[in-house]
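Down below is the structure, laid out as structure tokens.
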Amino acid sequence: MAHIFAVFLAITTFSSGIIWCINRIKSLQYRYRKNKEGQCKGMEISVEKGQGGLIESIASIFPVLLLVFIVRSFIFEPFHIPSGSMIPTLLIGDFILVEKYAYGLRNPITNTVFIKTGNPKRGDIVVFQYPKNPRQDYIKRIIGLPGDRVDYNPIKKTLSIISSCVNKKDCDGLIKVTYSNDKENNRILSKFSTNVLDNTFDQLLSNDLYLEGLHITIRSETIDNMSHRILLSNWEKSHLRSIPQRREEVPLSWFVPEKMYFVMGDNRDNSSDSRIWGFVSEDHLIGKAIVIWMSIDKQIGQWPTGLTFRRIGMIQ
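In this text, residue positions in the sequence shown follow numbering that gives the first Met the number 0: the first is 0, and each later residue adds one.
Laid out in structure tokens, this is it:
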């Protein structure tokens, strides 16, 4: 939908710009002719009759459309959060602003970079085009940079990152990753129980949304001195078929290629991310999420019930 709107906005802005230019030229020609005839002596001359109506209205909105086009295409773009893959950092119903120029100025239609302005860092929350379907936008946190080796322990649910890997063998530079402050949080479980099992990285023995034996834990994760919170869903063994039994299907170690990034959702057990479908190309990056500007109290498939002002602020 965002891509369709971008194309529509570009076409509308371009079309109204042409009409504005034609209308402006005609107006100047009219004024010049009247001045030359001596009928305009320092007085304001109105536009010729017959130039009003629809054409005049379209021309008048061009400056507004141009401003919206520039801001949305190159500076900031609003997005909304439709799923729970970034809980607890971002909740369903959050509206965020994405800094479009964080990593480069891009063609708003093709997303091609024409001026590079920076590089993504570990811990950045980025909006990008889903590799399997570029027309669909995803939002995740960058975990691995080009050249990194990323290891994920599905039992302890911890990360290990080694930078500067060459030919998938020689690596140096262990990135410090620490964890602390595990807290069970039943409020999140009760609020998001309708979708807490969607897209789980672990494999449940049953497809039922029966949540007995499920414990929700919030943990603080620090990667290279940058801290954020992650959400863990811990099932009792009787409810779970463990990932190590499916090791041949789910790789637990990844080498990040050049110009690629490894991303994960903060809702570690309820996120479709690089562990499932691979890396994100830098050509697919859209921008960096920086602020929540509005938040509505909402769950998937339900109508909003109100605004949540306490969530407005910068994103960590």
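Glycine residues also receive a C-beta, built at the ideal position from the N, C-alpha and C atoms. Here the structure is a predicted model, which means the values were calculated and not measured.
Per DSSP, I154 is not a residue of any alpha helix (DSSP H), being assigned neither H nor E. By the neighbour-count criterion, in which a residue is buried when 16 or more other Cβ atoms sit within 10 angstroms of its Cβ, V70 is exposed. Annotation: the continuous alpha helix (DSSP H) that includes S56 extends over L53 to S59. Collapsing the DSSP output to three states places V255 in coil. In the three-state reduction of the DSSP assignment, S219 falls in the strand class.
Inter-residue distance for G312 and S159 is about 30 Å (C-alpha atoms, whole angstroms).
Per DSSP, the continuous beta strand (DSSP E) segment holding I138 begins and ends at N132 to G143. Taking the Cα positions, T216 is about 43 Å away from F7. When the beta-carbon positions are compared, F94 and I291 come within less than 8 Å of each other.
The beta carbon of R310 lies closer than 6 Å to those of I291 and S294 in the same chain, with the five residues before and after it left out. Residue state for A101 is assigned as coil, using DSSP reduced to three classes. W276: member of the alpha helix (DSSP H) spanning S273 to W276, first to last residue. At a Cβ-Cβ threshold of 8 Å, A288 and V126 count as neighbours. Residue pairing by DSSP places I124 opposite R140 in a beta bridge.
Excluding residues up to 5 positions away in sequence, nothing lies with its Cβ nearer than 8 Å to the Cβ of Q28 in the same chain. When Cβ pairs closer than 8 Å are counted between the two stretches, the region 263-275 is seen to touch the region 225-232, the count reaching three or more. Closest in alpha carbon position to I124, among Y102, S252 and I275, is Y102. Between L65 and G117, the C-beta gap is not smaller than 8 Å, which leaves the two residues out of contact. One Cα belongs to P303, the other to N132, and the distance between them is close to 28 Å. Sequence-distant partners of G143 (beyond 5 residues in either direction) whose C-beta falls short of 6 Å from its own C-beta, in its chain, are V149, V255 and F261.
Residue nearest to D147 within the set P130, I174 and Y129 is I174 (criterion: CA-CA distance).
Scanning its chain for C-beta atoms nearer than 8 Å, with the 5 sequence neighbours on each side dropped, one finds around D171 the residues I161, S162 and S163, in chain order. Around Y100, the same chain offers F73, I74 and T116 as residues with beta carbons nearer than 7 Å, after the five sequence neighbours per side are excluded. By the Cβ neighbour-count rule, K35 is exposed, with fewer than 16 other Cβ atoms within 10 Å of its own. In this structure, N180 and R140 do not form a Cβ contact; the two beta carbons are roughly 18 Å apart against a cut-off of 8 Å. When only Cα atoms are considered, F61 and I24 end up about 15 Å apart.
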